[in-house]
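Enquirer: First, the structure itself, so that you have it in front of you.
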Amino acid sequence: MDFIKLIEVRSELGAGTRGASMGVDALKTACLDKGSDYFIRFDIAEVETENDALFEPTPYDHAKHVDSVYKVERRTCEAVRDAIEDGYFPLILAGDHSTAAGSIAGIKLAYPNKRLGVIWIDAHADMHSPYTSPSGNIHGMPLAIATGEDNKESRKNDPHPDTVKWWNKLKHIGGNGQNILPQDIVFISVRDIEEEEEFLIHKYVIRNFPTSEVNSKGVEIIAEEVLERLEHCDLIYISFDVDSLDPKISEGTGTPVENGLSVEQAKQLNSLLISNDKVCAWEMVEVNPTLDWENAMAEEAFDILEYVTDSLSESREVSTRQKLDIQHPRNPSELEGYFRTIAEEIVEEEE
26 MDFIKLIEVR SELGAGTRGA SMGVDALKTA CLDKGSDYFI RFDIAEVETE NDALFEPTPY
86 DHAKHVDSVY KVERRTCEAV RDAIEDGYFP LILAGDHSTA AGSIAGIKLA YPNKRLGVIW
146 IDAHADMHSP YTSPSGNIHG MPLAIATGED NKESRKNDPH PDTVKWWNKL KHIGGNGQNI
206 LPQDIVFISV RDIEEEEEFL IHKYVIRNFP TSEVNSKGVE IIAEEVLERL EHCDLIYISF
266 DVDSLDPKIS EGTGTPVENG LSVEQAKQLN SLLISNDKVC AWEMVEVNPT LDWENAMAEE
326 AFDILEYVTD SLSESREVST RQKLDIQHPR NPSELEGYFR TIAEEIVEEE E
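The working numbering puts the first residue of the sequence shown at 26, with every later residue one more than the last.
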């Protein structure tokens, strides 16, 4: 598993509740309780945060702490880019979901000429902008940042020019203001969609696979159909928000929504998807132990994390062996035996 690099982003600037910055450490506690050595198997990069900004009032009502979020997004972008350029598969463990825009920007910086598809496993569409957000919480905006979509057609707010300035800077991290196309997004289990986001989903014909469809079709068929939707993309990024899980499992996340995925569905679905060779990064976000009881969410999330990582490792090992078989079908000793057998067969035929 030496091709995997963990990137830890303990930021919660974009969330409306406090505690997501403790999610990474809650996962490590769950790892210790399970007796796993997971967190010493990999190289780890820690992204510097700006969480102290939460102690100060923010002047940006429609994009709270956007100036500090921008700094964290840039660092996340650079950490992901550096990992890819160093030959690693970035596996990102983050606090709130706003930093996903930085992860996407980092992939785009590393692969500027590649078309990137996004699989968004989440209870929410996260496509708001400062012009539409009812809360101003930036964890509801990462896909708007990544697509460069202001959605002024659905405008409800009149953000201050300073907010707009920082918002535009956010959209340009890693590229020219559009790191992915909206039509290259696929949603899974998204079930809490506001009308402004619904407008964009219809505008760009973004496919959502609701939990009911996962239940009726099964995870294998869903995984196949998701990958078919992104067949035209060169690369794929998977972002897994634990609020995609049903709150009956745990409410240890900032914005739980009923009728989510089971732990087993999340395991199998992420495992099947990450085994595709186009997948270049995977992310887990929004574990919040302060909203939990006895670290239940982190324990379930860690089981998913370890299972998915093992699936990634196994699939890449198989892929590497297949490539080696094509490039170097036989080692010298095998070739010697192969030609000896052919020579013996020729002699037998002549006799």
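The beta-carbon is built from N, C-alpha and C at its ideal position, and this holds for glycine as well.
Roughly how many angstroms separate the alpha carbons of Val333 and Lys292, rounded to a whole number?
Expert: Going by the C-alpha atoms only, they are around 7 Å apart.
Enquirer: Would you identify the three-state DSSP class for Ile198, choosing helix, strand or coil?
Expert: If DSSP states are grouped into helix, strand and coil, Ile198 belongs with coil.
Enquirer: Determine, using beta-carbon pairs with one atom in the stretch 158-171 and one in the stretch 111-123, whether at least three such pairs fall under 8 Å.
Expert: Counting Cβ pairs under 8 Å, three or more are found: they touch.
Enquirer: With distance defined between alpha-carbon atoms, name the residue in Trp145, Ala321, Asp151 and Leu134 nearest to Pro54.
Expert: Checking the sequence shown, residue 54 turns out to be Thr, not Pro. Cα-wise, what sits closest to Thr54 is Ala321.
Enquirer: Answer yes or no: do Ile263 and Ile299 have a C-beta to C-beta separation smaller than 9 Å?
Expert: A contact, by the Cβ cut-off of 9 Å.
Enquirer: On the premise that Asp259 lies in contact with Lys181, defined as a C-beta separation below 8 Å, what is that separation, rounded to the nearest angstrom?
Expert: Lys181 to Asp259, Cβ: 36 Å. No contact.
Enquirer: Whose C-alpha, out of Lys228, Thr172, Tyr136 and Pro184, is nearest the C-alpha of Asn204?
Expert: It is Thr172.
Enquirer: Among Val310, Ser154, Trp318 and Asn240, which one has its Cα closest to the Cα of Leu294?
Expert: Among Val310, Ser154, Trp318 and Asn240, the Cα nearest to that of Leu294 is on Asn240.
Enquirer: Looking only at its chain, what residues have a beta carbon closer than 6 Å to the beta carbon of Phe234, apart from the 5 residues adjacent to it on each side?
Expert: Once the five neighbours on either side are set aside, the close Cβ partners of Phe234 are Ile213 and Ile247.
Enquirer: Quick one: Cα of Thr188 to Cα of Ile29, how far?
Expert: Rounded to whole angstroms, Thr188 to Ile29 spans 37 Å at the Cα level.
Enquirer: Smallest Cα separation from Leu206: which of Glu174, Thr315, Glu223 and Asp183?
Expert: Closest by alpha carbon: Glu174.
Enquirer: Could you pull out every unbroken beta strand (DSSP E) segment of at least 3 residues lying fully inside the stretch 270-356, listed in chain order?
Expert: The stretch 270-356 contains these whole beta strand (DSSP E) runs: 304-310.
Enquirer: Counting pairs of beta carbons, one from the stretch 83-96 and one from the stretch 188-198, are three or more of them closer than 8 Å?
Expert: In short, these stretches touch, since the Cβ pair count reaches three.
Enquirer: Quick one, are the C-beta atoms of Asp107 and Ala130 less than 9 Å apart?
Expert: Not in contact: Asp107 and Ala130 (Cβ atoms no closer than 9 Å).
Enquirer: Can you tell me whether DSSP reads Tyr63 as helix, strand or coil?
Expert: Tyr63 falls in the helix class under three-state DSSP.
Enquirer: With H, G and I counted as helix, E and B as strand and the rest as coil, what does DSSP make of Thr124?
Expert: Note: Thr124 maps to helix in three-state DSSP.
Enquirer: Roughly how many whole angstroms lie between the Cα atoms of Glu222 and Arg216?
Expert: Each residue's Cα considered, the two are about 12 Å apart.
Enquirer: Check Glu115 in the structure and name its three-state DSSP category.
Expert: Position check: residue 115 holds Pro in this sequence, whereas Glu was assumed. In this structure, Pro115 counts as strand in the three-state DSSP scheme.
Enquirer: Please go through the same chain and pick out, in chain order, the residues whose beta-carbon is closer than 8 Å to the beta-carbon of Val288, but skip the five residues on each side of it.
Expert: Hits under 8 Å: Leu270, Ile274, Glu325, Asp328 and Ile329.
Enquirer: Tell me whether Gly285 is buried or exposed, calling it buried when 16 or more other Cβ atoms sit within 10 Å of its Cβ.
Expert: Result: buried.
Enquirer: By the three-class DSSP mapping on this structure, what secondary structure does Val230 have?
Expert: Coil at Val230, not helix or strand.
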